[in-house]
Amino acid sequence: MASSHLHFLLPLLLLLLLLLLPMAAVSVTPGSSLSASTPNVTWSSPNSTYSVGFLPSDPPTSPPSFIAAVSYSGNVPIWSASATVDSGGSLTFESSGNLVLLNGSGATVWESRTSGRGVSSLVVDDSGNLALRNGSSTVWSSFDEPTDSLVPSQNFTVGKVLRSGLYSFRLLSNGNLSLKWNDTIEYWNQGLNSSYNKNLSSPSLSLQPIGILSISDINLPSSLIVAYSSDYAEGSDILRFLKLDSDGNLKIFSSARGSGTKTERWAAVSDQCQVFGYCGNMGICSYNDSAPVCGCPSQNFEPVDPKDSRKGCKRKVEIADCPGSATMLDLDHTRFLTYHPEYEAQVFFVGISACRLNCLVSGSCDASTSLSDGTGLCFYKTPAFLSAYQNPAMTSSSFIKVCGPVSPNPPPSEGVGKSKDWKVRPWLVAVVVLATLCGLVVVEGGLWWRFCRNRPNFGGLSAHYALLEYASGAPVQFSFKELQRATKGFKEKLGAGGFGAVYRGILTNKTVAAIKQLEGIEQGEKQFRMEVATISSTHHLNLVRLIGFCSEGRHRLLVYEFMKNGSLDSFLFQTEENSGRLLNWEYRFNIALGTARGITYLHEECRDCIVHCDIKPENILLDENYCAKVSDFGLAKLINPKDHRYRTLKSVRGTRGYLAPEWLANLPITSKSDVYSYGMVLLEIVSGRRNFDVSAETNQKKFSTWAYEEFEKGNINGIVDKRIVDQDVDMDQVTRAIQTPGTKGSHRSVHLWN
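245 is the number of the first residue of the sequence shown in my numbering; add one for each residue after it.
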């Protein structure tokens, strides 16, 4: 009998021993140290996911410098002591209980300040927290003193700060998130939805492992989602962490275990050039084909560091040392960034000429910006720090003082590989230009006569397919005649909705397009073009792309990319025409997720909050891979977040069965209305039935009401589309799709249960 008990207990004892060994190995005793000269020696967490050790500084320096850091598997730092050391540096856990970072000379450059507080052990746990403990209590931890990053399991509360260079990030007591430059200029502040107008007690910001950033507080019914990683809930062995990057932007990154790399998945400031100070003092931020670039205003300036354009610029001759008179350098399509608290003190209402002249004669003004939007706003900038943004689409002009004469920057093609002594004679230039123009006219005229003069579609082949003057990817403007020809007189009708009919068309470049002929559009030319510009500026995988438009006389048309598989309703609802079109559950679930992501982008990630107002299966289109794309967005009234995202639309837009209750009660319409409509669509995706259907099977109740009652009874199978219920259906996904999420009101909260 004793022998049998022994055989039973041995495996349990071995398991207990295995569980205890890693914890013993991770506890570091006083007197231990790490050296920058041996970076492979580290203090690791029990499962080796995190470790404490030395990493080379980023960017690299000469001679090499190092940081003492807590890093994720693959040497991705998530915390570091706020100082660098040379190769002789060390991190020592002293017998006094103090954790000290020493330089090669023996000087202390950082310490935990825990001497004499009874610290007996140092621990790195599996959440990435570096802690100094007195028995079971924590005296100091890296989670309580973060540097530039926040990881899952780490709570970020009011009073804590993430820092990166001159940039800082804070959670404010009202629940707002704030980014500042030099602890003064607030260039980003994201507040809670105005419907949450409660006084918060002790708000806390946290990042879930799947990539959801949320705020919690005892006065809130549940956590409020602030942002989410674009790869949320995808993959395994992936760390997602929040980081205040060196460029001043707050970002969510993801890093696969052991990869040693991180990938950006979300950024607080969508336009990097709007980060104050990104290009340093007097630097101008603009964009090349793929990324922001920094430059100087003119040849009157030079880089502070020729090797690093982000360090800003300086005048070659300071205004105080100018032997002559100062003048103003004109900068078209440029704005000197002005944020709180500068905004309140430096804004005036004057014309562009006065904006320029008043700054020139003022001893306290170094630069100015005049907005060319009809407001007459003028911003005066003091010499303290100037951060500029230049964009061809920007409707503003700026001016900065220089010691004359003004020396503009050369065009990109000039100044490279040219001799200063060689001068082009004006008469020679004129002859060459005229001869070239004459030759081109003759050649093009001959080609037209030979190939194009008898072609009916000749008139639309050129300018309309060019990009508009400044905006890359801007919508193409078509004439009504071109679209009439493309659709063969609006012959092949694809469908019709609340805003008009849609026709299939083939453009002159052989692109197949869906052309919507708008009805009941009362906007004038200017307003219509502004709304088209807003729609075309939305770019997302799950939104139908706008190719172009027509605004000619009373004609208003929009040209969209063509979706090969049509709309979702043709797959969900059985008719004689689509009896063979059936989507399995995997496709349906991915369509539900894609639709949610597209709507979330419209609500929370666009410059202007766009409330769709007509979410229904007919407005969810499927491409050749059955990827869901939301259509008809932006055609209802745009709602500006500055107006609290609350405006009552003048006329009811929407479709029976999908209208939120506030439509009928004449209450303010917000993005929540789309969330309600999406919930109805979600029910239809699961069931394959119209949510407003009434039948004997549903006891003569509206299907959505009957489905709710069945869900309460636990009869999930009864709700699922009978055509697929016997197939491979993930009932957990079905349940999460049907049930109401705990957090209401944000569309982001509705689709993050995956």
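Note that beta-carbon positions come from the ideal geometry of N, C-alpha and C, so glycine has one too.
Remember, it's a predicted structure, so these values are computed and weren't measured experimentally.
Put S542 into one of helix, strand or coil per three-state DSSP. DSSP places S542 outside both helix and strand once states are collapsed to three, so it counts as coil.
Using only the alpha-carbon positions, how far apart do N443 and F815 sit? Looking at the two C-alpha atoms, the distance is approximately 47 Å.
Anticipated Cβ contact below 8 Å, L866 with S875, distance rounded: Actually they do not touch by this definition, with Cβ atoms about 11 Å apart.
Backbone CA spacing between A471 and S458 [nearest angstrom]: Spanning the two alpha carbons is a distance of roughly 7 Å.
Below 7 Å CB to CB, which residues in the same chain sit around T328 once its five sequence neighbours on both sides are set aside? In its chain, beyond the 5 residues on either side, S301, S309, F310, I311 have a beta carbon closer than 7 Å to the beta carbon of T328.
Considering just the uninterrupted stretch of the alpha helix (DSSP H) at I929, what are its terminal residues? Counting along the chain, the alpha helix (DSSP H) containing I929 begins and ends at 915-931.
Can you tell me where the beta strand (DSSP E) holding S948 begins and where it ends? Careful: S948 lies outside any beta strand (DSSP E), inside the alpha helix (DSSP H) at 947-957.
How big is the Cα-Cα spacing for S356 and D388? Each residue's Cα considered, the two are about 12 Å apart.
Alpha carbon to alpha carbon, what distance is there between C857 and R800? R800 and C857 have their alpha carbons spaced roughly 20 Å apart.
Let me check understanding here. Comparing Cα to Cα, which of G568, T293, E546 lies closest to R559? Closest in alpha carbon position to R559, among G568, T293, E546, is E546.
Element boundaries [alpha helix (DSSP H), containing G838]: From DSSP, the alpha helix (DSSP H) with G838 extends over 829-844.
Measure the C-alpha to C-alpha separation of V591 and C603 and round it to an integer number of angstroms. In this structure, the alpha-carbon of V591 lies about 12 Å from that of C603.
For the structure I just gave you, are there three or more beta carbon pairs, one from the region 596-616 and one from the region 636-649, closer than 8 Å? In this structure the region 596-616 touches the region 636-649; the number of beta carbon pairs closer than 8 Å is three or more.
In terms of residues, what are the limits of the alpha helix (DSSP H) holding A351? Per DSSP, A351 is not a residue of any alpha helix (DSSP H), being assigned neither H nor E.
In the DSSP assignment, find the unbroken beta strand (DSSP E) run with N433 in it and report its ends. Counting along the chain, the unbroken beta strand (DSSP E) around N433 starts and ends at 429-434.
Pop quiz: Y872 and F806 are said to be a contact at Cβ under 8 Å. What is the actual Cβ separation, rounded to whole angstroms? It is Ala, not Tyr, that sits at residue 872 in the sequence shown. Rounded to whole angstroms, the Cβ separation of A872 and F806 is 15 Å, and the two are not in contact under 8 Å.
What is the residue span of the beta strand (DSSP E) that V574 lies within? In the sequence as presented, Val is not what sits at residue 574; that position holds Asp. From DSSP, the beta strand (DSSP E) with D574 extends over 570-576.
Could you pull out every residue in the same chain whose Cβ sits closer than 8 Å to the Cβ of H708, ignoring the five residues on either side in sequence? In this prediction, H708 has a pLDDT of 34, which is less than 50 and means its spatial position is unreliable; nothing more can be read from the coordinates.
Should the region 770-790 be regarded as contacting the region 728-736, the criterion being three or more beta carbon pairs within less than 8 Å? Flag = no, the region 770-790 and the region 728-736 do not touch.
Buried or exposed: where does V978 fall if 16 or more other Cβ atoms within 10 Å of its Cβ makes it buried? By the Cβ-count criterion, V978 is buried, with 16 or more other Cβ atoms from all chains shown falling within 10 Å of its own Cβ.
Buried/exposed call for G435, threshold 16 Cβ in 10 Å: Only exposed fits G435, as fewer than 16 other CB atoms lie within 10 angstroms of its CB.
Within the region 717-751, ranges of the alpha helix (DSSP H) (whole runs, at least 4 residues): Complete alpha helix (DSSP H) runs here, min 4: 724-730.
By Cβ distance below 6 Å, which residues in the same chain neighbour A395 in space, the five residues on each side in sequence not counted? As written in the sequence, residue 395 is Val, which differs from the Ala given in the question. Residues of the same chain with a CB within less than 6 Å of the CB of V395, apart from the 5 flanking positions on each side, are I322, G372, F485 in chain order.
Considering only residues of the same chain and omitting the five flanking positions on each side of S203, which have a CB-CB separation below 8 Å? Because the chain is modelled from 245 through 998, residue 203 falls outside the range shown and cannot be assessed.
Could you check whether G348 and G362 sit closer than 9 Å to each other, using their CB atoms as the reference points? The answer is no: Cβ separation not under 9 Å.
Roughly how many whole angstroms lie between the Cα atoms of I759 and V296? Approximately 59 Å between the Cα atoms of the pair.
Taking the CB atoms as reference points, tell me whether S386 and V314 lie closer together than 9 Å. Yes, these two residues count as a Cβ contact at 9 Å.
Helix, strand or coil at R798 [DSSP, three-state]: Taken through DSSP and simplified to helix, strand or coil, R798 comes out as coil.
Please go through the same chain and pick out, in chain order, the residues whose beta-carbon is closer than 7 Å to the beta-carbon of E736, but skip the five residues on each side of it. Around E736: Y747, R748.
Please state the DSSP three-state secondary structure of A375. Here A375 carries a strand assignment [DSSP, helix/strand/coil].
Who pairs with F497 in a beta bridge, going by DSSP? Beta-bridge analysis with DSSP links F497 to F485, E508.
Touch check for the region 487-495 and the region 405-412: three-plus C-beta pairs under 8 Å? The region 487-495, when compared against the region 405-412, does touch it at the 8 Å Cβ threshold.
Would you tell me roughly how many angstroms separate the C-alpha atoms of T839 and N786, rounded to the nearest one? Here the alpha carbon of T839 sits roughly 6 Å from the alpha carbon of N786.
On the criterion of 16 or more Cβ atoms from any shown chain inside 10 Å, does R980 qualify as buried, or is it exposed? Result: exposed.
Measure the alpha-carbon distance for R841 versus E848 and round it to whole angstroms. C-alpha of R841 to C-alpha of E848: approximately 10 Å in a straight line.
Kindly indicate the opening and closing residues of the beta strand (DSSP E) around C609. Following the DSSP letters along the chain, one finds C609 in no beta strand (DSSP E), marked with neither H nor E.
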